[in-house]
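**Student:** All residue numbers for the sequence shown refer to this note's numbering, where the first residue is 7 and numbers rise by one. Heads up, the beta-carbon is just placed ideally off N, CA and C, and yes, glycines get one too. For clarity, every value in this text was computed on a predicted model and none was experimentally measured. Sharing a structure with you now.
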Amino acid sequence: MEDQSMHRHCDCKHHRFAYFPVLMIIFGLLFLGGALGWWDSGTVDVLWPVLVIAVGLFKWTGHKCKCC
Numbered sequence: 007m008e009d010q011s012m013h014r015h016c017d018c019k020h021h022r023f024a025y026f027p028v029l030m031i032i033f034g035l036l037f038l039g040g041a042l043g044w045w046d047s048g049t050v051d052v053l054w055p056v057l058v059i060a061v062g063l064f065k066w067t068g069h070k071c072k073c074c
């Protein structure tokens, strides 16, 4: 008989949230805003690395559950 623990599904909130699609939307909005003149391209050049670093720090220092 197979071990039941191998087939357990985690319902943790951080496992249900997908960061990649959110980052893609943010990047798209940054570049779209730059193209439409909402802000200058220098702002976009500074903001997108800051957003990537912020998400990385959030993931690194974020709460860990028992399943991680």
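Is Leu57 near Ile32, with beta carbons less than 7 Å apart?
**Tutor:** Going by C-beta atoms, Leu57 is nearer than 7 Å to Ile32.
**Student:** Helix, strand or coil for Leu63? Go by DSSP, reduced to three states.
**Tutor:** helix
**Student:** Under the three-state reduction of DSSP, which class applies to Gly34: helix, strand or coil?
**Tutor:** Gly34: helix per DSSP, three-state reduction.
**Student:** Measure the alpha-carbon distance for Leu29 versus Trp54 and round it to whole angstroms.
**Tutor:** 9 Å
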